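Report on the following structure.
2 protein chains.
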Amino acid sequence: MSLTRRVFLQRIAQIGGYSAAFATMQALGLMPAVGQSPLPQLPADFGKGKKIIILGAGIAGMTAAYELRKAGFDCTILEARNRPGGRNWTVRDGTKVEFTDGTIQNCDWQDGGYLNAGPARIPSIHTHILGYCQELGVRLEVEVNTSRSALMQSPKLNHGDPVQQRQVVHDTRGYLAELLSKAINKHTLDHELSKEETARLLEFLQNFGDLNKDGRYTGTPRAGFITGPGAGPVNPVLHKPLNFSELLAADMSTGEFYEEQIDWQATMFQPIGGMDRIAYGFANSLGDMIHYECPVTEITTSGQSVTVAYTKSGTPQTISADFCICTLPLPILAKTKNNFSPETQQAFTGMPMVPLYKIAWQSPRFWEKENNIYGGISFLKDKVDLVWYPTDKLFSPTGVLVAGFNSEQELIGGLGGTTTGKLSSFGALPTIEAKFEASRQAVELLHPGRSHLLTKPIYVAWAKIPYSLGCLANNFVSGSAPAYAQLEKPEGKTYFAGDYLSHLVAWQEGAVLSAHHAIERIAKQMQT
Amino acid sequence: MSLTRRVFLQRIAQIGGYSAAFATMQALGLMPAVGQSPLPQLPADFGKGKKIIILGAGIAGMTAAYELRKAGFDCTILEARNRPGGRNWTVRDGTKVEFTDGTIQNCDWQDGGYLNAGPARIPSIHTHILGYCQELGVRLEVEVNTSRSALMQSPKLNHGDPVQQRQVVHDTRGYLAELLSKAINKHTLDHELSKEETARLLEFLQNFGDLNKDGRYTGTPRAGFITGPGAGPVNPVLHKPLNFSELLAADMSTGEFYEEQIDWQATMFQPIGGMDRIAYGFANSLGDMIHYECPVTEITTSGQSVTVAYTKSGTPQTISADFCICTLPLPILAKTKNNFSPETQQAFTGMPMVPLYKIAWQSPRFWEKENNIYGGISFLKDKVDLVWYPTDKLFSPTGVLVAGFNSEQELIGGLGGTTTGKLSSFGALPTIEAKFEASRQAVELLHPGRSHLLTKPIYVAWAKIPYSLGCLANNFVSGSAPAYAQLEKPEGKTYFAGDYLSHLVAWQEGAVLSAHHAIERIAKQMQT
Chain A
1 MSLTRRVFLQ
11 RIAQIGGYSA
21 AFATMQALGL
31 MPAVGQSPLP
41 QLPADFGKGK
51 KIIILGAGIA
61 GMTAAYELRK
71 AGFDCTILEA
81 RNRPGGRNWT
91 VRDGTKVEFT
101 DGTIQNCDWQ
111 DGGYLNAGPA
121 RIPSIHTHIL
131 GYCQELGVRL
141 EVEVNTSRSA
151 LMQSPKLNHG
161 DPVQQRQVVH
171 DTRGYLAELL
181 SKAINKHTLD
191 HELSKEETAR
201 LLEFLQNFGD
211 LNKDGRYTGT
221 PRAGFITGPG
231 AGPVNPVLHK
241 PLNFSELLAA
251 DMSTGEFYEE
261 QIDWQATMFQ
271 PIGGMDRIAY
281 GFANSLGDMI
291 HYECPVTEIT
301 TSGQSVTVAY
311 TKSGTPQTIS
321 ADFCICTLPL
331 PILAKTKNNF
341 SPETQQAFTG
351 MPMVPLYKIA
361 WQSPRFWEKE
371 NNIYGGISFL
381 KDKVDLVWYP
391 TDKLFSPTGV
401 LVAGFNSEQE
411 LIGGLGGTTT
421 GKLSSFGALP
431 TIEAKFEASR
441 QAVELLHPGR
451 SHLLTKPIYV
461 AWAKIPYSLG
471 CLANNFVSGS
481 APAYAQLEKP
491 EGKTYFAGDY
501 LSHLVAWQEG
511 AVLSAHHAIE
521 RIAKQMQT
Chain B
1 MSLTRRVFLQ
11 RIAQIGGYSA
21 AFATMQALGL
31 MPAVGQSPLP
41 QLPADFGKGK
51 KIIILGAGIA
61 GMTAAYELRK
71 AGFDCTILEA
81 RNRPGGRNWT
91 VRDGTKVEFT
101 DGTIQNCDWQ
111 DGGYLNAGPA
121 RIPSIHTHIL
131 GYCQELGVRL
141 EVEVNTSRSA
151 LMQSPKLNHG
161 DPVQQRQVVH
171 DTRGYLAELL
181 SKAINKHTLD
191 HELSKEETAR
201 LLEFLQNFGD
211 LNKDGRYTGT
221 PRAGFITGPG
231 AGPVNPVLHK
241 PLNFSELLAA
251 DMSTGEFYEE
261 QIDWQATMFQ
271 PIGGMDRIAY
281 GFANSLGDMI
291 HYECPVTEIT
301 TSGQSVTVAY
311 TKSGTPQTIS
321 ADFCICTLPL
331 PILAKTKNNF
341 SPETQQAFTG
351 MPMVPLYKIA
361 WQSPRFWEKE
371 NNIYGGISFL
381 KDKVDLVWYP
391 TDKLFSPTGV
401 LVAGFNSEQE
411 LIGGLGGTTT
421 GKLSSFGALP
431 TIEAKFEASR
441 QAVELLHPGR
451 SHLLTKPIYV
461 AWAKIPYSLG
471 CLANNFVSGS
481 APAYAQLEKP
491 EGKTYFAGDY
501 LSHLVAWQEG
511 AVLSAHHAIE
521 RIAKQMQT
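Keeping their order, the protein sequence lines are chains A and B. Every letter in the first sequence is one number past the one before it in the UniProt record's numbering, and letter 338, counting from 1, is 338. Every letter in the second sequence is one number past the one before it in the UniProt record's numbering, and letter 197, counting from 1, is 197.
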């Protein structure tokens, strides 16, 4: 920062205090920008006398109600389930997991173990959902997304024996640094780099790859030890570097780059006790504004008002209002009677749904005692390709291990990537038992001799969960753009909202910002 | 893992249970090895009738007493200070920081804020100190060592304006991947790589650097956004990549590789409430075995016994025992009267002491609110070259910010590197006020307009702390090897122990393993 700018900011801080300097820095572009909220500042009586029906008590719907109430609107939320949160769903002792095909699983995990079946992490850059946690008094703890002691396993690497993530990461870096150093020393890149830059880059690579003085990679303490450093005369012995050709063939890049995707970068958080602490935080605040077990049967909208038909304990009911914010999932909307335009009706099937699943087990925490793995994720190349260790209650006797979290259809580019529409090798498994067996096998490949310790499996397949019928609307693919644009438009007095109308699909932050955006549009319509 | 090996292990698990399979896996080399403890399993009456004097109630001394008591020894610990822990020292409201030159600072931080003046982190691979935390009931929480939202600042980069760590890390990776891809496409490395490996490596690099389809680096979401992804029609805008030549000139590698050093890798822990929870955990267990305010004045050792002279409230005392475990810091030993061999006396000055310091301030947590930084470290190139954010009580109003943690002498290779013996630019600052000003300036460079929020600074300079007179004995340098070897040898019935006699110097794990090693040697001597 130039001296002038710094002096300027100090002045601002002296005159206007903390907030003024903050706003000024944002205006100057000196602050890290995050997803900007379009939530307008509305007077407390702005919505006086106006009724709003909100469909769905997920994060988008509850955020909308929470903010609209502040602006004086009269809000009613209709929720099909008997609980708030939607995909923000924590499975624990007493939870019944019911599929659309009639399969029922009853969870009876002990010691407070839980599975966040939907969102399970909050990155520190998702400032709005973090802000609501503060407002609602939801206590957070650090979620460990990366452990360098976590494992990687491929039949093409190290005879199929699992290796530590630190070995894959640092051996790969070592070889990359050695190759680039060689290329530079052959003067291949002389056109790209000045002499000074070349010298600096060679020094950097030495450090990046922990190369020896000849520029060769021969192993690094960063990749860990066979005999660790101890006391007395015994010297530590490094892991022998993994074979580079095997590393390339095994291609563990999904696991290597996972933690570096923007929304997975440290620091991440989780609510203490389960993600649904946020859902219940909102619900407790909203009280009887939320009507549970009220599935919507028809939406009739116009330029003047909206009427929603639903059932309550099986009895048909209707409700009318000045506005509707509809946060129902697209597959539900596609099946719900409505008087929307054909373009909007078509848009409900215009984004492919990604059928994500999770499988979780109760288990003694052998990964902590035997492998020093505390949180983080191990990766492998089997039908089930990741095993995610719990961050809650570290060092306690048992925990809930997620062995399987992915799409049941083939994905290109990992979670959040493009769905091919074809079943994945996991998705093709014919029975729930076969799926549990694949999950157990993944743990066995990573932790030989340990998978027999896993008990009480729970399988959540979002495509089979009533009132969801899928996990995320894949708006990453270009084919989804027309539907995204169409659903941006209101249908009369009905506005659509949900994570699928954000660039943060499948994140609670996307749901929050989408709710803010719906309020922004309603306020604009009221003001014109 | 081969099928045979897996079947074999399953058999072992079935027959011998959990622990048998665990031991077998360790024997087969399938388990990650960590610092091995040489602690012998001793019968409960092994030390019956034997007296041991332990000098110093730091982690090494208290570990020794804790284990020797289990084996029936009669232990007495002499501690010069009025508290246990040695360098395991947590400064908080009420702590008096007194230097050898008479300078006194009184800490009066609010809201439970604290500074771990010595060790402040426990990596998950330091299994023995973690084990004692379990045994002693010390509650741990995750320590966040890395935040990708933390900052980096250099006058040579981005006009001196701070950038996010994610920008430095991912822009650098992008450029490295682009350069190596170019070199490969020029066939420079055809001798090094088969055709198949070349194809795989190019694909890997595309992913590693997030290159475009032409193999160029043009920015990546991993480096963050100017306009973050939000809801509705607005598209996110990426940071413009930093200039590669500037990145090389700025050389932020200390910060880039920090988290990848083996003992700084995720997952890391800290005791809830301060590192001294471990010290007090041991001390509470050991009770009146520890004699406080008893500085040692003379050690007289022989083949039969040891006599230690000390003062208690200024009154001279002596105590005799069958053995002595001496964990006093080397600079203290060098000044303490003794009858050791000339070789041992010389060894006391045979390892250069690194004069580490920390400076910490109480402050509102502007880094959380404005920069989404929750824990982790920012790096810069000023006199004070790192700012470390608190992990405890995240989201609370105030916290203790460490702005300055390094050596007051020049270090080659970062903390734990080689000391040149020359003063660093920080160490050369003549007054405590100048040091605070340098600390404040570092915060100002990273967080313009914010440093005026810092209050109540505390400066801990280990070289000036009585009964320490330095922080770590630099046994990394080859010149320290003769002293290390000499101090491995007992002087009659006196055994030396402490982190400096381990390959984990300045880590509590090193102190623990060194205490175990002392017990191992004493047990062997008794058995021969």
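Glycine included, each C-beta is placed from N, C-alpha and C at the ideal position. Owing to the predicted nature of the structure, the values given are computational and were not obtained by experimental measurement.
So residue 529(B) contacts chain A; which residues on that side make the cut at Cβ distance below 9 angstroms?
An answer regarding residue 529(B) cannot be provided, because it is not within the stretch 1 to 528 covered by chain B.
Below-8 angstroms beta-carbon distance, N475(B) vs any chain A residue
It does not: the Cβ of N475(B) has no partner Cβ on chain A nearer than 8 angstroms.
Among E178(B), G281(B) and G273(B), which one has its Cα closest to the Cα of C133(B)?
For the residues E178(B), G281(B) and G273(B), the minimum Cα distance to C133(B) belongs to G281(B).
With H, G and I counted as helix, E and B as strand and the rest as coil, what does DSSP make of S425(A)?
Correct three-state label for S425(A): coil.
Alpha carbon to alpha carbon, how far is T254(A) from S2(A)? Give it in angstroms, no decimals.
Below a pLDDT of 50, predicted positions are generally treated as unreliable, and S2(A), at 43, falls in that range; the measurement from the model is reported next regardless. Distance between the alpha carbons of S2(A) and T254(A) is about 41 angstroms.
So A117(A) and K456(A) are supposed to be a Cβ contact under 8 angstroms. How far apart are they, rounded?
Between K456(A) and A117(A) the Cβ distance is about 15 angstroms, and since that is not below 8 angstroms, they are no contact.
For the region 359-392 of chain B, which residues have a CB atom closer than 9 angstroms to at least one CB atom of chain A, in sequence order?
For the region 359-392 of chain B, the set of residues with a beta-carbon nearer than 9 angstroms to any beta-carbon of chain A comprises P364, F366, E368, K369, E370, N371, N372, I373, Y374, G375, G376 and T391, in chain order.
Let me know the secondary structure DSSP gives V169(A) once reduced to three states.
Helix at V169(A).
Given G16(B), which residues of its chain have a CB within under 7 angstroms of its CB, disregarding the five upstream and five downstream residues?
Its pLDDT being 44, under 50, G16(B) is placed unreliably in this model, and the coordinates cannot settle the point.
Rounding to the nearest angstrom, what Cα-Cα distance links P119(A) and T267(A) in this structure?
If I take the Cα positions, the gap works out to 16 angstroms.
Would T349(A) and I299(A) qualify as a contact pair, given that the criterion is a beta-carbon distance under 8 angstroms?
Taking a C-beta distance under 8 angstroms as the contact criterion, T349(A) and I299(A) do not qualify as a contact pair.
Just the Cα atoms here: how many angstroms apart are H516(A) and S439(B)?
S439(B) has its alpha-carbon roughly 41 angstroms from the corresponding atom of H516(A).
Comparing alpha-carbon positions, which option in F395(B), A60(B) and D93(B) lies nearest G86(B)?
Considering only alpha carbons, the answer is A60(B).
Output, in chain order, the set of chain A residues within a Cβ distance shorter than 8 angstroms of A428(B).
What A428(B) touches in chain A, judged by beta-carbon distance under 8 angstroms, is nothing: the nearest beta carbon there is about 24 angstroms away.
I think S363(A) touches T398(A), with their Cβ atoms under 8 angstroms apart; what is that distance to the nearest whole Å?
Going by Cβ atoms, the distance from S363(A) to T398(A) rounds to 6 angstroms, so yes, they are a contact pair.
By how many angstroms is the C-alpha of R166(B) removed from the C-alpha of K524(A)?
Here the alpha carbon of K524(A) sits roughly 37 angstroms from the alpha carbon of R166(B).
CB contact check: H291(B) to chain A, cutoff 8 angstroms:
In terms of beta-carbon proximity, H291(B) stays away from the interface with chain A, with every pair separated by 8 angstroms or more.
From this set, Q261(B), E246(B) and S320(B), which residue's C-alpha is nearest E197(A)'s C-alpha?
If you compare the alpha carbons of Q261(B), E246(B) and S320(B) with that of E197(A), the shortest gap goes to E246(B).
Mind listing the chain B neighbours of G510(A)? Cutoff is C-beta to C-beta under 7 angstroms, in chain order.
Under the 7 angstroms cutoff, chain B gives A231.
Short CB-CB distance (under 8 angstroms) between Q486(B) and chain A
No, Q486(B) does not count as interfacial toward chain A.
Measure from the C-beta of L180(A) to each C-beta in chain B and report whether the shortest distance is under 8 angstroms.
The beta carbon of L180(A) sits closer than 8 angstroms to some beta carbon of chain B.
Assess, as a yes-or-no matter, whether the region 181-200 of chain A is touched by the region 231-241 of chain A under the definition of 3 or more beta carbon pairs within less than 8 angstroms.
At 8 angstroms Cβ cutoff, the stretches do not touch.
Measure the Cβ-Cβ separation of L68(B) and I52(B) and say whether it is below 8 angstroms.
Between L68(B) and I52(B), the gap from beta carbon to beta carbon is short of 8 angstroms.
Can at least three beta-carbon pairs, one atom from the region 106-117 of chain A and one from the region 286-298 of chain A, be found at a separation below 8 angstroms?
The answer is no - the region 286-298 of chain A does not touch the region 106-117 of chain A, with fewer than three Cβ pairs under 8 angstroms.
Residue range of the unbroken alpha helix (DSSP H) whose run includes A523(B)
Here the alpha helix (DSSP H) through A523(B) covers Q508 to Q527.
Taking the alpha-carbon positions, what's the L513(B) to I125(B) distance?
Using only the alpha carbons, I get a separation of about 13 angstroms.
What residue does the beta strand (DSSP E) around R69(B) start on, and which one ends it?
Taken as a continuous stretch (DSSP letters only), R69(B) belongs to no beta strand (DSSP E), being part of the alpha helix (DSSP H) at I59 to K70.
Got a sec: is the Cβ-Cβ distance from G219(A) to anything in chain B below 8 angstroms?
Not one beta carbon of chain B lies nearer than 8 angstroms to the beta carbon of G219(A).
Where does K435(B) land, buried or exposed, given buried means 16+ other C-beta within 10 angstroms?
Here K435(B) is buried. Its C-beta has 16 or more other C-beta atoms within 10 Å.
In the DSSP output, which residue or residues are listed as bridge partners for K51(A)?
As a beta-bridge residue in DSSP terms, K51(A) pairs with D74(A).
Segment contact, 8 angstroms Cβ cut-off, at least three pairs: the region 308-320 of chain A with the region 88-95 of chain A
Output reads no: the region 88-95 of chain A does not touch the region 308-320 of chain A.
Would you list the residues sitting across from A321(B) in a DSSP beta bridge?
Under the DSSP definition of a beta bridge, A321(B) partners with V306(B).
Name the DSSP bridge partner or partners of residue 547(B)?
This structure cannot speak to residue 547(B), because chain B is shown only from 1 to 528.
Short CB-CB distance (under 8 angstroms) between Q41(B) and chain A:
By the rule that beta-carbons nearer than 8 angstroms mark a contact, Q41(B) does not touch chain A.
Any C-beta of chain A under 8 angstroms from that of S514(B)
It does; some Cβ of chain A falls within 8 angstroms.
Tell me the rounded alpha-carbon separation between Q10(A) and R365(B).
In this predicted model, Q10(A) has a pLDDT of only 48, less than 50, meaning its place in the structure is not dependable; the value taken from the coordinates is given anyway. For Q10(A) and R365(B), the distance between alpha carbons rounds to 18 angstroms.
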